[in-house]
Amino acid sequence: FFSSIFLVIYQPQNTVPDVFIWMLSSNKRVAYARVPAKNILYSPAKEQRGKDCGKIKTHFLKLPGKRPLGWTVQAKVDIYLWLGPASFAHSIMENLPVGYETKILSNTSSGHTMVPSSACLLYKTPHFFQLRAHMYQARGLIAADSTGLSDPFAKVTFTSHCQTTKIISQTLSPTWNQMLLFNSIVLHGDREEIAQFPPEIVIELYDDDAVGKAEYIGSTVAAPVVTLAHQKYQPPKLSYHPVYCGNLSGGDLLATFELLEIPESDPDRLPPLDPPDVGQIYPVPANIRPVLSKYRVEVLFWGVREMKKVQLLSVDRPQVLIECAGKGVKSSVIQSYKKNPNFVGLADWFEVELPENELLHPPLSICVVDWRAFGRSTLVGTHTINCLKQFLCKAQLGPQATPNRLDIVETGKASPESSQPAELPREEPILADHVYAEVEQGKCTVVEPDPYLATHRTSVSTTEHSLSEPGKDRKQKDMKKPTRRSTKRRRRTIADESAENVIDWWSKYHASVLKMGKSKGIFSSEGNPEDDKQTSDHIALIIEEDPDKKKKDKTLKRKQKETSNLATLQIYDGDLESEFNNFEDWVKTFQLLRGKSNDEVHADSEDRIIGKFKGSFCIYPSPEDGSLLDGGQPRILQGIPLNHSTKVLIRVYIVAALNLSPADPDGKSDPYIVLRLGNTEIKDRENYIPKQLNPVFGRSFEIQATFPKDSLLTVLIYDHDFVGTDDLIGETKIDLENRFYSMHRATCGLQRQYEIEGYNAWRDAAKPSEILTKLCKDYRISGPFMRPGEIQVGTKVFKGQTVFTEDENEEPVESYEHLSLKVLHAWEEIPGAGYKLVPEHVETRPLYHKNKPGIEQGRVRMWVDMFPEDMPLPGPPVDISPRKPKGYELRVIIWNTEDVILEDENIFTGQKSSDIYVKGWIKGLEEDKQETDVHYNSLTGEGNFNWRFLFPFYYLPAEKKMVVSKRENIFVWDFERLSSDDFLGSLELNLNGFPRAAKTAKSCNLEMVVAAGAENKISIFQQKRVRGWWPFVKAGELTGKVEAEFHLVTAEEAEKNPVGKARKEPEPLEKPNRPDTSFSWFVNPFKCLYHLIWRNYKKYIIIGIILLILIVFLVLFIYTLPGAISRRIVVGQ
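Residue 245 in UniProt numbering sits at position 245 of the sequence shown, with consecutive numbering throughout.
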């Protein structure tokens, strides 16, 4: 509502022109400021006035031209503006500071006084003030030098007075700790009004250059704290003021300003100042400076990455310098960046005094230098951390020691701190990514951490957290028939009932997509259906509004029922890093910047990124005795892995890409995959996918890598071109090292179900029980203690099934893998752990192009598995290759037809008949239409054909998807020689589910097709061979019946046992025994006359012939009788 009101009140074109303030020098306009007229318009109603009407405001003048305001400050003007009708001229000066006298200038030539705008204001009662500008420090300033640093100093301007601070060299976070003193400042007006609306202070920041004038890097405006002579002095508090350079944020200034009135009676009665230093520079008074405490800053030096060339030379011997509040520490020098970019010395520390107020903490600077020949060093890049709160160490989380990590500690008993029950997290609803279907669900109880707890002892539950449905009594379990599978066999599902319905990884993937769409409440598709040449009948999720909601819900329920027993994985809409805090739980990555940043266009450009520093910080109050923790070991090293080279097997799975940016003139692309890891590059150019913006790659790659040298994986999608170079569509980069060492265990995602073989076979090199045992050692958590039906980890007990059988005739198999997997999925809820483990997943990573920064060029669905080579080798890679359609041949025999409507009428006899033939094809393959011969002159709608159709096609059994639509169409036609054939009826059958056939023509009716339920439908892919009667339909009416036989064979079977089309060899069909009436008039006219006329009208024809003979005799008699009588009379004979 308010936004619509604002659109109404602000007109696109104001009727009142704006006000311009020009600064002239030698009659030349050198700077100006533009004030919108709406801001200074006057109205008698206060709420209708402009916001700056009748107020003294500070305006900054800028150079004429297109350069925006804020990149330079030419001048500052404090001006009082008022704009209104002449009838309200008496109100012009009512808001001016009181205490002035008006002197009217007269025009002697005319004898008339001029308008009030020409009045001269005289203030005879001045007020004297002292301004104290406490300039403490700044942070995050703009880099103005090519080294990526600046030599900043501040210029403070108040009314007509100006002073500057000292210059701090080569830093972006200067600490001046300087007070600028402005004496004898004269202000006019009412003192209370001055205290309420004091003049503004302008602070400009500049970079000092040895040659040329100082370079402007930002400015800010602040209001002083006014203390009048009669008021009690209260020292002001330091606060941050944002600095801007144009529209670019230029950091923050920590300062405060106080304006003190000088008493007339005793000018020296002002708050005392701290003595100046040698350079006559006053420091910030102690009662204003932050209260400092001694802190210890521990630094983890892990390594540097992605270092670019500096001054045309590669970085070879880098060193990191850490500085905070004038103190700092240096890392060791990396002797060869190309061989090993990690530091030898992992950690160091220094002590520094920091403000107790976390908001006033100074920034921490990271500088990287490169040591070159002859002892020269070159600054490579810098990074400034403005907020230290994230590094304050208050509690220890994560692993304490690992077998292959520093500070190895192995414990078999519970720690003393765990003697009391831990508080469990509050109960939360189970989300879609917390389904443990493979483990019998039970309860989790808190018990005393006794590793030797008797298995028959009943543990007292103090807190219950329902991880799954309540457990059942042991006797009831023994009496109940086991329903779980053996760990040696793959679970059978409903989908396995069909021998042709093969379940593979893609079945799990599509089931996961369906589950993700259901959780969001929408239908989602992977790509544009128009880009897919295959019409699908499998589980399709389409984003559209279906007017027939009932039909959609019914379809969705059917698809969900089909996939309810399939294992699923987690599909993330974004990259994996966004779900797990960039895997920076053990080390953080800092971008190193170099070059100037005081250009709005290139301020955030990737060209300034010169490399990355991997490390971390731990800040905590310094111990009183000055000792370190754990016998001299820094706290930050606890849980940090060893910093040596590690060989890793990398498996990269690229599933598909979504919504790629077109790269060809026709609006399509021919994408293929390129992988880069270290010096290894894999081009999959020969497997490009033509004319697709949503390609399904289904490719997997294996790469041998060595951390840390090969830690950045780049996935690129290129467009294949036959002429010229291939175009880059987009790329994404993955830091594999952060994933490999993360506490979230992102090496190989945990599956939701544990299976040994099949489409959901366990992928990790270690079993769930082995992973659980290792994590318990890493986190110093007691356990796991495995007992029949339960596993105890720390103070938690997980109950579930640990004995499995396939049927009653087999011996039960004991396995703790399923229950161990359940514990791993609940790892974040175990006291002392706190990290969620990465599940089996497919992440959706955005693709970007460096020439189009910030614009997404598409997305790629993929995942990465990593296996250290010092561990047992994992199983074979997951087969995610796109499903290849299987060749089939559908053999359709048209035997007979019955009750076909009669469309022709004999012009002689009026009898109705039809010349029947049957035509059939598969939708999408209309060019392969086949038809029978013609059954002529069917008088009863009966037709006899004995004719075979052969339809070859390709089909995906697991996905229920064909290259073309899986629908068989049979039409019955009336054959016409001299005109177009008449359409009599059709029968369309879905080969995956069509109505059962009737055994006889009499029992065949229209309801078989119209009202056929799911239980009355069959699939030709399961039945293989079907024969019976089906109805022909036209416009919703029954127009005939056909007796047909459908026989489905594979391409291999069709090649081994071929059959002929129509009635040809091999395996020819007999010619039908058709009635004698089934002949054509043009081919056998006499037979048609005999059967159609003589046999039906023989009696009438004979009577007609006799009558005709009699009539001829009678006519001849009458004709010859007069002549004979005359001759008799004349001749007399």
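Each residue gets a CB set at the ideal place from its N, CA and C atoms; glycine is no exception.
Since we're looking at a predicted model, the values are computed, not measured.
Query                                                                                                           : Result
Opposing strand residues paired with Tyr-240 [DSSP bridges]                                                     : Leu-254
Close Cβ partners of Thr-164 (< 7 Å) along its chain, the five nearest in sequence each way excluded            : Phe-153, Ala-154, Lys-155
Of the residues Pro-236, Lys-51, Gly-251, the one placed nearest Val-243, counting alpha carbons only           : Gly-251
Burial state of Thr-568, where buried means 16 or more other Cβ atoms lie within 10 Å                           : buried
Residues sharing a beta bridge with Arg-651, DSSP                                                               : Glu-702, Asp-865
Rounded separation between Leu-1110 and Ser-913 - CA only                                                       : 36 Å
Of the listed residues Asn-95, Ile-79, Arg-34, Lys-57, nearest to Gly-65 (C-alpha basis)                        : Arg-34
8 Å contact criterion, which Arg-705 and Gly-667 should meet: CB distance rounded                               : In the sequence under discussion, the amino acid at residue 705 is Ala, which differs from the Arg named in the question. With a Cβ gap of about 38 Å, Ala-705 and Gly-667 do not count as contacting.
Rounded Cβ spacing between Pro-17 and Ala-37 (contact assumed at less than 8 Å)                                 : 6 Å
Bridge-paired residues (DSSP) for Asp-370                                                                       : Pro-318, Thr-378
Sequence-distant residues of its chain with Cβ nearer than 6 Å to Leu-576 (five each side left out)             : Glu-843
Helix, strand or coil at Pro-1122 [DSSP, three-state]                                                           : helix
Nearest neighbour of residue 1141, chosen from Lys-508, Met-93, Arg-132 [CA to CA]                              : The first residue shown for the chain is 1 and the last is 1133, placing residue 1141 beyond what the model contains.
Ser-820, enclosing alpha helix (DSSP H) - first and last residue                                                : 817–825
Environment of Lys-508 [buried if 16+ CB atoms lie within 10 Å]                                                 : buried
Option nearest Ser-160 by Cα separation, candidates Val-715, Leu-675, Val-186                                   : Val-186
Alpha-carbon to alpha-carbon, Ala-223 and Val-77                                                                : 16 Å
Counted within 10 angstroms of its Cβ, other Cβ atoms place Tyr-835 as buried (16 or more) or exposed           : buried
The alpha helix (DSSP H) enclosing Lys-777, as first and last residue numbers                                   : 768–778
Runs of beta strand (DSSP E) wholly within the UniProt domain "C2" (872–1004) (minimum 3 residues, chain order) : 886–898, 912–922, 935–938, 943–956, 967–974, 982–990
Chain D contact for Thr-795 (CB, 7 Å cutoff)                                                                    : Checking the listed chains, one finds no chain D in this structure; it contains a single protein chain.
Leu-642, buried or exposed, once every other Cβ within 10 Å from all chains shown has been counted against 16   : exposed
Alpha-carbon to alpha-carbon, Pro-235 and Ser-742                                                               : 48 Å
Under 7 Å between C-beta atoms of Gly-698 and Ile-893                                                           : no
Where Thr-1000 falls, given that 16 or more other Cβ within 10 Å makes a residue buried                         : exposed
Cβ-based burial, Tyr-1097 [other Cβ within 10 Å; buried from 16]                                                : exposed
At least 3 beta-carbon pairs within less than 8 Å: the stretch 669–689 vs the stretch 714–726                   : yes
The beta strand (DSSP E) enclosing Gln-178, as first and last residue numbers                                   : 175–187
Beta-carbon gap between Pro-957 and Val-502 smaller than 7 Å                                                    : yes
Alpha-carbon spacing of Lys-852 relative to Glu-579, whole angstroms                                            : 25 Å
C-alpha distance - Pro-271 paired with Leu-254, whole-angstrom precision                                        : 22 Å
Bridge-paired residues (DSSP) for Trp-506                                                                       : Answer is none; Trp-506 lacks a bridge partner.
Check whether Asn-177 and Gln-130 have beta carbons under 7 Å apart                                             : no
Range of the contiguous beta strand (DSSP E) that encloses Glu-843                                              : 841–846
Integer-rounded CB distance, given that Asn-340 should sit under 8 Å from Lys-709                               : 7 Å
Candidates Ile-322, Asp-209, Leu-693, Leu-248, of which the one nearest Ser-616 by Cα                           : Ile-322
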